[in-house]
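Take any residue in the sequence shown, count from 1 to its spot, add 16: that is its number in this note's numbering. Please read the structure below before turning to the comments.
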Amino acid sequence: MIGLSFIALMAHASTATELISRQAQPVVVAHRGASSLAPENTLAAIRKAAELGSAMVEFDVRQTKDGVVVLMHDANLRRTTNGKGRVKDADRIELSGLDAGHWFDASFSGEPIPTLDEALAALGPKMVAAIEIKSGRTVVPRVHEAIDRHDVAGRVVLFSFRATHVRQSKAARPGLPALFLIDPEQGQDSYPPDIVAQAQSTGADLVGLNHQAVDASVVKAFQAQGLPVFVYTVDAHSDVERMMKFGVDGIISNKPRSTRARIERISRQSTQQSEAQNQESRK
Numbered sequence: 017m018i019g020l021s022f023i024a025l026m027a028h029a030s031t032a033t034e035l036i037s038r039q040a041q042p043v044v045v046a047h048r049g050a051s052s053l054a055p056e057n058t059l060a061a062i063r064k065a066a067e068l069g070s071a072m073v074e075f076d077v078r079q080t081k082d083g084v085v086v087l088m089h090d091a092n093l094r095r096t097t098n099g100k101g102r103v104k105d106a107d108r109i110e111l112s113g114l115d116a117g118h119w120f121d122a123s124f125s126g127e128p129i130p131t132l133d134e135a136l137a138a139l140g141p142k143m144v145a146a147i148e149i150k151s152g153r154t155v156v157p158r159v160h161e162a163i164d165r166h167d168v169a170g171r172v173v174l175f176s177f178r179a180t181h182v183r184q185s186k187a188a189r190p191g192l193p194a195l196f197l198i199d200p201e202q203g204q205d206s207y208p209p210d211i212v213a214q215a216q217s218t219g220a221d222l223v224g225l226n227h228q229a230v231d232a233s234v235v236k237a238f239q240a241q242g243l244p245v246f247v248y249t250v251d252a253h254s255d256v257e258r259m260m261k262f263g264v265d266g267i268i269s270n271k272p273r274s275t276r277a278r279i280e281r282i283s284r285q286s287t288q289q290s291e292a293q294n295q296e297s298r299k
């Protein structure tokens, strides 16, 4: 049975809702932009993902001390900038002077920390943004406001590991797709039997699962309830092949170009094998 939230979404189909529906091949999501080729969560990474033809680009957002939504994965600035301290303790002016590119490669020196507004403006003309919420509840309405300013409601999917974020967004914007990210419980390498019910309780339209913890039965259990399954973070070709065997709907990858090429190769091989079997059966 298809989930009610999924039926409601498809009744108001957009680029985003079409992309997160069941596909013949898994959708490839550029994780933190094309983060194997450019510094994560920067405009350079988003533009590179667009250049590679990525259908969907994911990036993380946090809120500054003065309420500006910026792109940053970590709570602390140290790993990906030349700054220190927490994002929430700095204002936008302070962050604007930091270098978010040199740590990755000297050729990206001077790459700034972008705001969500700048990131949405940098999207390719048909690209869908997967916006992962990393900070507290007050950031969700600010994300909604930015989406409205750029008129991209049909090209955004909200991601979060926090059920409260998903519920908050779905309550305020029922038509905005939301993906609930779920890690296995600490110390576990698989998902519990009630995991589908947990996801359904958030009102999410689809789920994101750790590829190391999924198997075909978990994927099918979610899909049977109308919840498409995306997996993270998949770069190795062997893992791409395994996820395709499980029938996942989306693959989040640091290497979107090579991941998409691998998917297309596997699909071609599968088609060729099917055609050969059909010809053999007609003999």
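C-beta: ideal position from N, C-alpha, C; glycine also.
- Determine the closest residue to G263 out of G113, A252, I282, with distance taken between C-alpha atoms. Ranking the options by Cα distance to G263, first place goes to I282.
- Query: Relative to the C-alpha of S37, which residue among V173, G203, G101, V86 is closest?
  - Reply: It is V173.
- Beta carbon of L87, beta carbon of P272: below 8 Å? Judged by their CB atoms, L87 and P272 are not nearer to each other than the 8 Å cut-off.
- Exposure label - K186; buried when at least 16 CB within 10 Å: Around the C-beta of K186, 16 or more other C-beta atoms lie within 10 Å, and the residue is accordingly described as buried.
- Item | M72: first and last residue of the uninterrupted beta strand (DSSP E) it sits in | Element bounds for M72: 72-79.
- Message: Quick check on DSSP: helix, strand or coil for I129?
- Response: I129: coil per DSSP, three-state reduction.
- Looking at the unbroken beta strand (DSSP E) that takes in I36, where does it start and where does it end? First-last for I36: undefined, no H or E at that position.
- Task: Report back the beta-carbon spacing between A91 and V77 to the nearest angstrom; my notes put them in contact at under 8 Å.
- Result: Wrong, their Cβ atoms sit about 12 Å apart, outside the cutoff.
- For I86, name the three-state secondary structure that DSSP assigns. It is worth fixing the name first, because residue 86 is Val in this sequence and not Ile. Strand.
- Task: Report the option in G191, G224, K142, R158 whose CA atom is closest to the CA atom of A179.
- Result: Residue G224 is the option with its Cα nearest to A179.
- Close beta carbons around Q288, own chain, < 7 Å, minus the five adjacent residues each side: Correct list: empty, nothing qualifies.
- State the CB to CB distance for the pair I147 and F175, rounded to an integer number of angstroms; the pair is presumed to be in contact (CB under 8 Å). About 7 Å separates the Cβ atoms of I147 and F175, confirming a contact at the 8 Å cut-off.
- Look up E280 in the DSSP assignment and say whether it is helix, strand or coil. Looking at E280 - three-state DSSP - the assignment turns out to be helix.
- Cβ pair A220, A194 closer than 8 Å: In this structure, A194 lies closer than 8 Å to A220 by Cβ.
- Item | Length at least 4, wholly inside the region 198-267: the alpha helix (DSSP H) runs in chain order | Here the runs fully enclosed are 211-216, 232-240, 253-262.
- Message: On the criterion of 16 or more Cβ atoms from any shown chain inside 10 Å, does R276 qualify as buried, or is it exposed?
- Response: Only buried fits R276, as 16 or more other CB atoms lie within 10 angstroms of its CB.
- Name, in chain order, the residues that DSSP records as bridge partners for N9. Given that the chain is displayed from residue 17 to residue 299, the structure contains no residue 9 and the question cannot be resolved.
- Per-residue DSSP class, three states only, for A116: Coil, per DSSP.
- Query: Quick one, are the C-beta atoms of V43 and D265 less than 8 Å apart?
  - Reply: Yes, the Cβ-Cβ distance between V43 and D265 is below 8 Å.
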